[in-house]
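Numbering (the numbering used here), first residue to last: 477 to 1124. No residue lacks a Cβ here, since even glycine has one placed at the ideal position from N, Cα and C. What follows is a single structure, written as structure tokens, with notes after it.
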Amino acid sequence: MLLFLYFSIKSESLDNLVDGLVSIVRTISQILTAGIAIAAFSLLLYGLSFNLRDRVARSFAWIMFCLVIIFSTESFTATTTDAQTINMWLRIQWVGIILLPPSYLNFSDALLATTGLPSRWRRKWAIRITNLISLLLIILLATPWFLGPLVVDKPPAPHFEPKILTELFTVYYVLIMVLSWINFIRAYRRTVTQSSKRRMLYLTVSALAPAVGSFPFLLYGSTFAASQQLIFWTLATLTNLLLGVFLVIMAYAVAFFGVPWPDRVVKSRLFKWLLRGAITAILTLAVVTIVRRAGQAFGNPYNAFVPIVMVVMILVSEYAITMFYPWLEKLVFFSRDEEDFLMIRSLEDRIITRSDLKQFLEMVLAAVCDLLQASGAYLLEVNDEGLSKVIHTGENQIHANQLAEIETLIVGTEENDEPIIWQNDVLLPIRNGSNGDAKILLGYLGVNGFAGELPLAADDSAALKTLVERSAMVLKDRQTQENLFRTFERLNPREELIQKLRAAGRYDRKGVLQVESSIKQSELSQAVKDALTHYWGGPKLTDNPLLKFEIVKRELTAEEPNPANALRCVLKNAIEQIKPAGDRKYTGEWLLYNILELKFLEGKKVKEIAMKLALSEADLYRKQRVAIDVITNTIVQMELKCIGSQSE
């Protein structure tokens, strides 16, 4: 009897332990389920914010939308015990499940199109048919024909019983996913560069997780799940954990489609987006859920700690991201270019905008007026065109005709440091150098109504000299800043062109020159034409966008550090690649090569070339455009081959 009582107590304790473990694992699984919904919604917003124009990104966003429906409704179901509410949420969940197969098929088709194999009639019609089937199945959700009765009181979780249409849908679901994976594998095999091939592999493998993790396996495994709840919830937890990880990997691979940014920028933006959005929200939800469940165990589920913990977690997470993300970003994404990264980041803090310079000059002029008790002051700058007014303060304006008078007055006085009297004003020379001894004249500091009141007292003279030196410093910085802004303005379209080329060429060589891509072939052709036009020297060669190409950088050596010579070498190699075999002839086979050789490399005139090649000038210009397009395509192929040979 005592032995029986002992084993009964021991068995009861073991059951309580198992129930406790089931409760803990179920809570973790529910937190992860909500976390997947949050992560999917965050990635949906990311896709809609940064690369919505790309079809791959749009297709991925649609998959994320389906996952938001599936996992958010599952989370809502876990928070209620009302049968009607559970029935509503589970039917909405099935909307996301039904939409997932056509979403995957469309996504795989978009990947294939990106690699240079666009949809023809078969894949297009397959997508249309699957969309139509999904629409019909969604309509059937409102009827009792598609899903069986709802099981609420049977562990481990509420679910529907399967019917014949449900089983047919399972076959349809598996079939479409298999077809999608065939497209994934085809896209992987057609990928161009090593880094893109690696990302396509990430995408192909990670895309398995949402397809498998979203399917309602309780349709067929409810009996086993009810008898082995601990195993079921453990598997569910591990599945959700893997799904969350693979979801991020999938988003990482998709983030490179359709964006012209460098790889490091794509990684950094996605990582920061996830930290500030999904990870912060998931951590907050997890801690709040644990606090609420702990309170529930003590009979007070909605205690005062819930909102306090929520606010604290959000603030602490944002604080940690703000404090540590720059260091983490530098360590993970910019370790190989740390010096360049630090210099670029410091520009934001160090650069002086035009408004900043204007405000500082206004302060300098105001200080001059206060020191000399003048009614106004102005600053004139010396440039290639003469004098120009930078800024003034006070009522007296300086007009163009007055500037001409001042220019006439100062002729021959450029080396003189003495003040110049003009009408009722005094003009103080501003020279380069902090001590005022340099001979480079930057401009003049004019003071209204100050004529005849020099020299100043020693203290006032020293203060005025300091203000003049400040003006010299600002004028010098202003010239530097203007040059910097002009450089940025020239650099922007060039860099944009380079980034567009990288974006279009990541997965498809042909895509670089297609109209559908964000690059226009005319832009590349114009860059090549400009470089050929100034082949032997000129701004169109030295400031050409092609200088940023990897093939040009590869030509730079210690013996030949000149970028223009490197670009010239690339152009020469590209022309040599279209040269027919054998000795040079003036036949149709040699026409394009002869045009490029005679026109750009030898610099002959159009009439001379036309006579030599037996062409009219109009025909020569048309053939020249064709030749430039051929060279453009050759250079693009060389660039993509160079990029493909490099690891990320």
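Hey, how far is the Cα of leucine 856 from the Cα of glutamine 835?
Taking the first residue of the sequence shown as position 1, residue 856 is located at position 380. Taking the first residue of the sequence shown as position 1, residue 835 is located at position 359. In a straight line, the C-alpha of leucine 856 is about 16 Å away from that of glutamine 835.
Return the chain-ordered list of same chain residues with a C-beta closer than 7 Å to the C-beta of threonine 509, the five sequence neighbours on each side being excluded.
If you number the sequence shown from 1, residue 509 lands on position 33. Around threonine 509: Phe547, Glu550, Ser551, Asn716.
If you draw a straight line from the C-alpha of lysine 1081 to the C-alpha of glutamate 1026, how long is it?
As a first step, residue 1081 is located in the sequence shown; it is residue number 605 there, counting from the start. As a first step, residue 1026 is located in the sequence shown; it is residue number 550 there, counting from the start. Distance between the alpha carbons of lysine 1081 and glutamate 1026: 33 Å.
Compare the Cα-Cα distances from isoleucine 886 to each of Leu903, Pro686, Lys1055, Leu847 and report the closest residue.
To locate residue 886, count along the sequence shown from 1; it is residue 410. For isoleucine 886, the nearest C-alpha among the options comes from Leu903.
How would you write the range of the beta strand (DSSP E) that tryptophan 1012 sits in, first residue to last?
As a first step, residue 1012 is located in the sequence shown; it is residue number 536 there, counting from the start. Run containing tryptophan 1012: none; DSSP gives neither H nor E here.
Give the single residue among Asp739, Val787, Arg745, Gln772 whose Cα lies nearest to the Cα of leucine 759.
Residue 759 sits at position 283 when you count from the first residue of the sequence shown. Checking every option, the nearest Cα to that of leucine 759 belongs to Val787.
Beta strand (DSSP E) containing leucine 445: first to last residue?
Missing from the structure shown is residue 445; the chain here goes from 477 to 1124 and no further.
Please report how far the alpha carbon of alanine 780 lies from the alpha carbon of valine 792, in whole angstroms.
Residue 780 sits at position 304 when you count from the first residue of the sequence shown. Residue 792 sits at position 316 when you count from the first residue of the sequence shown. Cα to Cα, alanine 780 sits roughly 19 Å from valine 792.
Where do the ends of the beta strand (DSSP E) carrying lysine 865 lie?
Looking up residue 865 in the sequence shown gives position 389. Segment 862-869, the beta strand (DSSP E) holding lysine 865.
DSSP puts tryptophan 898 in a beta bridge; with which residues?
Looking up residue 898 in the sequence shown gives position 422. Answer is Asp901, bridged to tryptophan 898.
When you compare the CB positions of arginine 907 and serine 1001, do they come within less than 9 Å of one another, or not?
Translated into positions along the sequence shown, residue 907 becomes position 431. Translated into positions along the sequence shown, residue 1001 becomes position 525. Contact: no.
Extent of the continuous beta strand (DSSP E) run through arginine 920
Position 444 of the sequence shown holds residue 920. Strictly speaking, residue 920 in this sequence is tyrosine, with arginine absent from that position. That run of the beta strand (DSSP E) goes 917-923.
In the DSSP assignment, the beta strand (DSSP E) including leucine 855 goes from what residue to what residue?
Position 379 of the sequence shown, counted from the start, is the residue given in the question as residue 855. 853-859 is the span of the beta strand (DSSP E), which, as asked, contains leucine 855.
Can you give me the C-alpha to C-alpha distance between arginine 1098 and leucine 1077, rounded to a whole angstrom?
The residue you call residue 1098 lines up with position 622 of the sequence shown. The residue you call residue 1077 lines up with position 601 of the sequence shown. C-alpha separation (whole angstroms): 19 Å.
Check whether the Cβ atoms of valine 628 and proline 620 lie closer than 9 Å to each other.
The count along the sequence shown starts at 1 and reaches residue 628 at position 152. The count along the sequence shown starts at 1 and reaches residue 620 at position 144. No, the pair does not count as a contact, with Cβ atoms beyond the cut-off.
Under the rule that 16 or more other beta-carbon atoms within 10 Å means buried, what is isoleucine 615, buried or exposed?
Numbered from 1 along the sequence shown, position 139 holds the residue referred to as residue 615. Flag for isoleucine 615 reads exposed.
Between valine 767 and the rest of its own chain, which residues show a CB-CB distance below 7 Å, the 5 nearest in sequence each way excluded?
Reading the sequence shown from its first residue, position 291 is the one you call residue 767. So the qualifying residues of the chain are Phe781, Val782, Val785.
Within the stretch 1020-1061, ranges of the alpha helix (DSSP H) (whole runs, at least 4 residues)
1026-1031, 1039-1053
With DSSP as the reference, please indicate the residues paired to arginine 907 in a beta bridge.
Taking the first residue of the sequence shown as position 1, residue 907 is located at position 431. BP columns for arginine 907 point to Leu917.
Counting only the same chain and skipping the five closest in sequence on each side, list residues whose C-beta sits under 7 Å from that of phenylalanine 541.
Within the sequence shown, residue 541 is the residue found at index 65, counting from 1. Closer than 7 Å at the Cβ level, and outside the excluded window around phenylalanine 541, lie Leu520.
Under the assumption that valine 840 contacts leucine 943 (Cβ atoms under 8 Å), give the Cβ distance between them as a whole number of angstroms.
The residue given as residue 840 occupies position 364 in the sequence shown. The residue given as residue 943 occupies position 467 in the sequence shown. Correct: roughly 6 Å between the Cβ atoms.
Kindly identify the DSSP beta-bridge partner or partners of histidine 635.
To locate residue 635, count along the sequence shown from 1; it is residue 159. Its beta-bridge partners are Val627.
For my contact list, glycine 852 and asparagine 872 are in at a C-beta cut-off of 8 Å; report their separation, rounded to the angstrom.
Taking the sequence shown and counting its residues from 1, one reaches residue 852 at position 376. Taking the sequence shown and counting its residues from 1, one reaches residue 872 at position 396. The pair is a contact, with the Cβ atoms about 5 Å apart (cut-off 8 Å).
Spell out a yes or no on whether the stretch 791-810 and the stretch 741-751 are touching, meaning 3 or more CB-CB pairs, one atom from each, closer than 8 Å.
yes
Neighbourhood of asparagine 924 by C-beta distance below 8 Å, restricted to the same chain and skipping five residues each side
Here residue 924 refers to the residue found at position 448 of the sequence shown. Closer than 8 Å at the Cβ level, and outside the excluded window around asparagine 924, lie Ala850, Ser851, Gly852, Ala853, Tyr854, Gly870, Asn872, Asn900, Asp901.
Hey, isoleucine 1107 and isoleucine 1054: beta-carbon distance below 9 Å or not?
In the sequence shown, residue 1107 corresponds to position 631, counting from 1. In the sequence shown, residue 1054 corresponds to position 578, counting from 1. Yes, the Cβ-Cβ distance between isoleucine 1107 and isoleucine 1054 is below 9 Å.
Ignore the nearest five residues each way along the sequence and tell me which others in leucine 1096's own chain have a CB closer than 8 Å to its CB.
On the sequence shown, residue 1096 is found 620 positions in, with the first residue counted as 1. Cβ within range, chain order: Ile1071, Val1082, Ile1085, Ala1086, Leu1089.
Quick check on this structure: which residue in Ser703, Thr756, Ala842, Gly572 has the alpha carbon closest to the alpha carbon of lysine 630?
Your numbering for residue 630 matches position 154 in the sequence shown. Of the listed residues, the one whose Cα sits closest to lysine 630 is Ser703.
Could you give the DSSP three-state label for asparagine 659: helix, strand or coil?
The count along the sequence shown starts at 1 and reaches residue 659 at position 183. In the structure shown, asparagine 659 sits in a helix (DSSP, three-state: H, G or I).
Go ahead and label tyrosine 696 buried or exposed: buried means 16 or more other beta carbons lie within 10 angstroms of its beta carbon, across all protein chains shown.
Walking along the sequence shown from the start, residue 696 turns up at place 220. Tyrosine 696 is exposed by the Cβ-count criterion.
Given 8 Å, three or more beta-carbon pairs between the stretch 661-680 and the stretch 706-720:
no
Do isoleucine 512 and leucine 761 have their C-beta atoms within less than 9 Å of each other?
Start at 1 with the first residue of the sequence shown, and residue 512 comes out as number 36. Start at 1 with the first residue of the sequence shown, and residue 761 comes out as number 285. No; because the gap between Cβ atoms is not below 9 Å, this pair is not in contact.
For alanine 515, does the three-state DSSP call read helix, strand or coil?
By one-based count along the sequence shown, residue 515 stands at place 39. Helix.
How far does the alpha helix (DSSP H) with tryptophan 1066 in it reach, from first residue to last?
The residue labelled residue 1066 in the question sits at position 590 within the sequence shown. Taken as a continuous stretch (DSSP letters only), tryptophan 1066 belongs to no alpha helix (DSSP H), as it is neither H nor E.
For phenylalanine 517, collect the residues of the same chain with a Cβ closer than 6 Å to its Cβ; drop the 5 residues on either side in sequence, then sort them by chain order.
In the sequence shown, residue 517 corresponds to position 41, counting from 1. The answer, listed in chain order, is Val544.
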